[in-house]
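Residue numbering for the sequence shown follows my numbering, starting at 3 and increasing by one per position.
Ideal Cβ placement from N, Cα and C applies to all residues, glycine included.
The structure under discussion appears below in the form of structure tokens.
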Amino acid sequence: MRVFSRVPNFNFMAQRKAALGLSIALSLCALTLLAVRGLNFGIDFKGGVLVEVTYPQAAPLDEVRGALGKAGYADAPVQYFGSTSDVLIRLQPDPSASSANISTKMLEALDAAQTHVQVKRVEFVGPQVGKELSEDGLTAMLVAFAGIFAYVWFRFEWKFSVGSIAALVHDAIMTLGVLSLIQEEFDLTVLAGVLAMLGYSNNETIVIFDRVRENIVNLRKRDVQEIINLSINQTLMRSIITHFTVLMVLSALFFFGGRSVHGFAVAMMVGVVVATYSSIYISSGVTVLLKIKREDLLPPDDDALVKGRSKDGAVV
């Protein structure tokens, strides 16, 4: 027996102007947050010290954090590295400290005589590396936008390309704005989450656009805006199920994945929610705003028939 086989009939496009206005307002708020508070860049971007220590048995991370807090490293991120006996500690940059001094302080803080902990390596990450990573990350995002724009233009029409890019820019701004609001540490893992979210969002947009093109060919007597509404409703249950299952996986990563994937899970969870909204109201709403027409998507022969003429120009 098929469940939810009936297509919903929500008039999404009736609220497109209000939705676009709300999106612009929220995007301005997110940009203001980014300008005022900025992102909480991690050691990957602003530099610092990586210290890897090893225990003879499984390391109790809570006790490690407590010991570091008493030694003056209360905000130092601590996580397993490879196995439960290897621990990676991230410290704020200290130009005056040497590798030997940091090793000594770590051994003292972790009470090496009692816990038999050993320092395996001390690695300095300079701010120049962080600058290069920031530039490379921005370049990667711009290249992704350009590639998506070209792909959607090639597969559909340039008005759809503008709609898809508008949705991606909206998703990126909103996700970064939320990360700035909650001051989640922004490192390479979070950057990967933002880029993965953009691909996920574009996939949702392409699914709707593909159904729009199919319906325009098959339902020629209907208005284009009505066809877009129908296409969104036809893909709605598929989107709800997809988003729900993805959020279940991300929730598992968020609660049980540990600190190393926490930021990734946060970025993706925010992105999934925002992408659900943008694939309906931003990409489709902008396409309607650009006055997409049936003739823009029909093949040349079909276009002539729609206008009331046959292939040789005679009236039919």
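Option in 161, 200, 290, 90 with minimal Cα separation from residue 172: 200
Residue nearest to residue 104 in terms of C-alpha spacing, selected from 281, 87, 73: 73
Span of the alpha helix (DSSP H), counted from its first residue to its last, around residue 258: From DSSP, the alpha helix (DSSP H) with residue 258 extends over 238-258.
Complete runs of the beta strand (DSSP E) confined to the region 52-110 [at least 3 residues]: 80-83, 85-93
Option in 189, 44, 85 with minimal Cα separation from residue 54: 85
Three-state secondary structure assigned by DSSP to residue 17: helix
Unbroken beta strand (DSSP E) run spanning residue 122, endpoints: Its beta strand (DSSP E) spans residues 120-127.
Secondary structure of residue 162, DSSP reduced to three states: helix
Same chain, Cβ closer than 8 angstroms to residue 2, neighbours up to 5 away in sequence not counted: Here the chain comprises residues numbered 3 to 318, so residue 2 is not present and cannot be evaluated.
Reference residue 205; option with closest CA among 277, 183, 256: 277
C-alpha distance - residue 80 paired with residue 65, whole-angstrom precision: 11 angstroms
Alpha helix (DSSP H) runs contained entirely in the region 134-212, provided each spans 4 or more residues: As far as the region 134-212 is concerned, its whole alpha helix (DSSP H) runs of at least 4 residues are 160-184.
Residue 48 - containing alpha helix (DSSP H), residue span: Residues 45-48.
Beta-carbon proximity check, residue 195 vs residue 267, cutoff 9 angstroms: yes
Closest Cα partner of residue 75 within the set 43, 112, 37, 180: 112
Length of the line joining the Cα atoms of residue 261 and residue 186: 11 angstroms
Residue nearest to residue 249 in terms of C-alpha spacing, selected from 229, 273, 295: 273
According to DSSP, residues forming a beta bridge with residue 231: In DSSP, residue 231 forms no bridge with anything.
Residue 177 versus residue 269: straight-line alpha-carbon distance, rounded: 7 angstroms
Buried/exposed call for residue 247, threshold 16 Cβ in 10 Å: exposed
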